[in-house]
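The next block holds one structure in the form of structure tokens; read it before the comments.
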Amino acid sequence: MELTGAEIIIECLKAEDIDYVFGYPGGAVLHIYDALHKQDDVKHILVRHEQGATHAADGYARSTGKPGVVLVTSGPGATNAVTGIATAYMDSIPMIVITGQVHKHLIGNDAFQEVDSVGITRPIVKHNFLIKDVKDVASVFKKAFHVATTGRPGPVVIDIPKDITADKTTFAYPDDINMRSYCPVEKGHSGQIKRAVDLMVNAKQPIIYTGGGVILGNGSEELRTFTRKLGYPITQTLMGLGAFPASDELSLGMLGMHGTYEANMGMHHCDVLIAIGARFDDRVTGALEKFCPDAKIIHVDVDPASISKNVKVDVPIVGDVKQVVTEFNLALEKIETRNNEAELKKWWSQINEWRSQDCLKYDRGSDTIKPQFVVEELFKVTQGDAFVTSDVGQHQMFAAQYYGFDEPRRWINSGGLGTMGFGLPAAMGVQLAHPDDMVACVTGEASIQMCLQELATCRQYCLPIKVINLNNRYMGMVRQWQEFFYEERYAMSYMDALPDFVALVESYGHVGIRVDKPEDVRPALEKAFAMKDKLVFIDFITDQKENVFPMVPAGAGLNEMILGSS
Amino acid sequence: MKHIISILLENESGALSRVAGLFSARGYNIESLTVAPTDDSSLSRMTLVTSGTDEIIEQICKQLNKLVDVVKLVDLTEDTHVELELVLIKVRAKDKERDEIKRLVDIFHGQIIDLSDTTYTMEVTGDSEKIDALLEALSGIKILEVVRSGLMGIARGEKAFG
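Sequence order for the protein chains is F and L. Just so we're aligned, residue 1 is where the first sequence starts under this note's numbering, counting upward by one. Just so we're aligned, residue 1001 is where the second sequence starts under this note's numbering, counting upward by one.
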């Protein structure tokens, strides 16, 4: 039997076991929406802006490990999706974005709602396709899912002209895939693995530094075994939080610009750095010429281009993190005695001395609500068991620093691109994927307004997200930089004309609570999480001038942190 | 240092712009670029001349390899190889200039491939230094047009890429 291109798309999604598509209809995708309408297997979530669709699919993907799927129309539908595609690209999130396109014969004619979607998205996708024949639909989808989800994952855009969604052909979803130009390396080089293990077991001042790659590569269990077997200190990037439990003694917390004192000092003074699924981002390394001056560096990554890109490494290992760390563990099992115990003891006592700085302390006796306090209370009320999404800025750092993530895929934030507006739509994707779990969106009054329209989507699909709005009436991180580096000239960082958030969310049919006293923080959170079927927006009126510490200023080394004043 | 990177890529629309876009997005420079289908019509062969430190060249090769349309690549400058460029030059050629230009073309083992009463068009192949030397030698002549193909290259001996 022959199917239309639109019907074939739905069949492909079914074959890939896709349960949700996030999207917004428009002229070029109406055949696809009609095909969606005629079936129940693939559910469609109607967002209020295409950026929301991409972030929701992204949140879904980050929290499940499955690819998120987006469906938008041509022209503005595609351009509105661009920020979300770039967000997913920077954080290597598997995503399929189907963009409608004008009729094939109109392409290039400046037709209504025409843009060159493939051209616009080329630098922010792992790969993209323009389908030119209905016979190619199934094979393109097969390839797109394969590329998006294997190796270093990433978003793939499929641009499909409207006439092709009406054309007919027979449907057969390919079982196998053969792409001569795409074959990601999985198994690490055994010689390099041996060199790495030799180096690590003889280290005197080792540190393990892991990133989002461990989570993306589902290597969390293997990493735990590995770290505990070695008994070495471990620090995780913003993207890596939760791969190793924050509550474990071996964990030094996050490193980098707003990392802990012990993590950054540990990095600076280490003699062997074991980097796994991390990419030496500038927010992590600080000034490159001052980075880990005495260290031999081992780097495991599935993407060869990430190795020695910013920092020259001594033992590069290209491979799937899970597989390589498993090889490490097998090799470590065979080692009976290690002769670095005395040095390791000394190293740990040095680390514990750094730890005793208690770099995350803040004024707990304050009359105003401290943002750190809200996150700590959120942790207690949810018993550390919530999925936490965030937007970008101070609140994001506070959430990363004070909510101790013990499990992977629980901390959902835009690390690479730093996209304000990410938190709420991402939380929608997370909540849909985990209907019975607690989902909190930690945000600020500036970020939340960037995708505020998605409150309507939350209402439509009854998504009981808890929005933790840390409202300091400033773009906090901008204000912080202006305080430190621009002599307190607060250019455009003050948020004037704020809405009454409580009234606003109530107009969408949600529950709003305003909290302005520290003693009301806990009861408000408890009340919110007790309302299991409601979106509750808590507007916490927080200290206006609180800053994120520690901080590694631009151009400084990791050992040159500014610590908090309190 | 100059590097000649030879790339086999899928002969698909958009493949060239992926390569060109990568270079502009990451701030690498392209000195020359030639591309055409190979004997296998599903593949194009691209020869790209770039320069940079060893680290930059390593990163360029890795980033190129990451492009899904790139099937394989080799840095020809890592080993012995032959490199060649084709140039077409149209010059003003009148009266006694005509003999002089003809002599020059012979010295460079080129050919006059087209002429008019007042012009010559010559074709010369060789490595880039030879082409540069020819252009230098023509400095006394009025050059109307220069078309350089960009460098092409191939490994010496048994080694075959494809």
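Even for Gly, the Cβ is constructed at its ideal location relative to N, Cα and C.
Among the bridge pairs identified by DSSP, residue 306 of chain F is matched with none.
Residue 494 of chain F counts as exposed, since fewer than 16 other C-beta atoms from the protein chains shown sit within 10 angstroms of its C-beta. In the DSSP annotation of this structure, residue 508 of chain F is not part of any beta strand (DSSP E), being labelled neither H nor E. Going by C-alpha positions, residue 123 of chain F is about 29 Å away from residue 400 of chain F.
One thing to note: residue 1148 of chain L has its Cβ within 7 Å of the Cβ of residue 1087 of chain L. Put simply, the backbone Cα of residue 278 of chain F is about 8 Å away from that of residue 237 of chain F.
Contact residues of the region 291 to 321 of chain F toward chain L are 303, 304, 305, 306, 307, 308, 309 and 312 (C-beta to C-beta distance below 9 Å). The Cβ atoms of residue 351 of chain F and residue 206 of chain F lie no closer than 7 Å to each other. In the structure shown, the three-state DSSP call for residue 435 of chain F is coil.
Short of 6 Å from the beta carbon of residue 386 of chain F, and not among the five residues preceding or following it, lie these beta carbons of its own chain, in chain order: 438 and 440. In summary, residue 383 of chain F is exposed, with fewer than 16 beta-carbon neighbours lying within 10 Å of its beta-carbon over all protein chains present. Taking a Cβ-Cβ threshold of 7 Å, the residues of chain L close to residue 127 of chain F are 1068, in chain order. Interface annotation for the region 172 to 183 of chain F against chain L: 180, 181 and 182, criterion Cβ-Cβ distance under 7 Å.
Below the 9 Å Cβ cutoff, chain F contributes 180 and 181 as neighbours of residue 1010 of chain L, in chain order. Contact of residue 118 of chain F with chain L by beta-carbon distance below 8 Å involves 1014.
In the pairwise beta carbon analysis, the region 548 to 561 of chain F is classified as not touching the region 1036 to 1056 of chain L: fewer than three pairs are separated by under 8 Å.
If you look at residue 1025 of chain L, you'll find it in the alpha helix (DSSP H) that goes 1015 to 1026. With fewer than 16 neighbouring CB atoms inside 10 Å of its own CB, residue 1146 of chain L falls in the exposed class.
In the DSSP assignment, residue 161 of chain F is bridged to F:101. Judged by DSSP secondary structure, residue 1065 of chain L falls within the alpha helix (DSSP H) whose first and last residues are 1054 to 1066. The region 1068 to 1077 of chain L and the region 1007 to 1022 of chain L touch, with three or more beta-carbon pairs separated by less than 8 Å.
By DSSP's assignment, residue 206 of chain F forms a beta bridge with F:272. Scanning the region 329 to 407 of chain F for uninterrupted alpha helix (DSSP H) segments of 4 residues or longer gives 341 to 355, 371 to 381 and 394 to 402, listed from N- to C-terminal end. With contacts defined as CB atoms closer than 7 Å, residue 208 of chain F and residue 298 of chain F fail to qualify as a contacting pair. In the structure shown, residue 233 of chain F falls within a coil segment according to DSSP collapsed to helix, strand and coil. Following the DSSP letters along the chain, one finds residue 316 of chain F inside the beta strand (DSSP E) bounded by residues 315 to 318. As for any alpha helix (DSSP H) of minimum length 4 sitting wholly inside the region 1090 to 1145 of chain L, the runs are 1097 to 1107 and 1128 to 1137, ordered along the chain.
Rounded to whole angstroms, residue 213 of chain F and residue 559 of chain F show a C-alpha spacing of 25 Å. Out of F:520, F:86, F:492 and F:42, the CA that lies nearest to the CA of residue 156 of chain F is found in F:86. For the options F:183, F:61, F:381 and F:423, the alpha carbon positioned closest to that of residue 453 of chain F is the one of F:423.
By alpha-carbon distance to residue 338 of chain F, the top candidate from F:477, F:412 and F:197 is F:197.
For the options F:416, F:250, F:407 and F:290, the alpha carbon positioned closest to that of residue 345 of chain F is the one of F:250. Chain order gives the chain L residues near residue 122 of chain F as 1014, 1017, 1018 and 1021, where near means a beta carbon separation below 8 Å. Take residue 410 of chain F, set aside five residues on each side of it, and the residues of its chain with a beta-carbon closer than 7 Å to its own are 242, 387 and 388, in chain order. Residue 544 of chain F sits exposed, since fewer than 16 C-beta atoms from the chains shown fall within 10 Å of its C-beta. With respect to residue 137 of chain F, residue 5 of chain F sits close: the two C-beta atoms are nearer than 7 Å.
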